[in-house]
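Residue numbers (the numbering used here): 18 to 158. Cβ atoms here follow ideal geometry from the backbone N, Cα and C, with glycine treated the same way.
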């Protein structure tokens, strides 16, 4: 079984929770851990470890907001001690929703790579193109 722990600065995690549950429903395999302004890095690490220990029989993917931020560093510290844990950062809601439904098809390390790939393909740019309507050319009198 695979579990996902979403973490990030402020209410990043619970904000994603709200959006994910609105779009895809509640899912028992994903947990949301905020890094609040009042939390120290030690408190965040304890919160993440608590969720990980409660799911000790599962592979875990930590889904963080930013590479190099405190949530990422704490998740990486925890993951470094366990080969069944992986850490990704900078992904988006589309990738999170997709892996919730496909996560059991992959090994945990493959899942980490897959979510990065999905995030790239789920990121888009709206290119504004204005085409000039061709004017009719008519012969003069």
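Residue i - containing beta strand (DSSP E), residue span
i	result
residue 105	102 to 106
residue 46	It is not in any beta strand (DSSP E) - residue 46 carries neither H nor E in the DSSP assignment.
DSSP bridge partner residues for residue i (one or two, in chain order)
i	result
residue 74	None; residue 74 has no bridge partner.
residue 143	Answer is none; residue 143 lacks a bridge partner.
residue 29	Per DSSP, none; premise fails for residue 29.
Where residue i falls: helix, strand or coil (DSSP)
i	result
residue 119	helix
residue 24	strand
Start-to-end residues for the alpha helix (DSSP H) that takes in residue i
i	result
residue 127	125 to 138
Candidates the options: closest to residue i by CA position
i	options	result
residue 112	145, 102, 78 and 64	78
residue 64	109, 42, 38 and 92	92
residue 71	30, 138, 26 and 21	21
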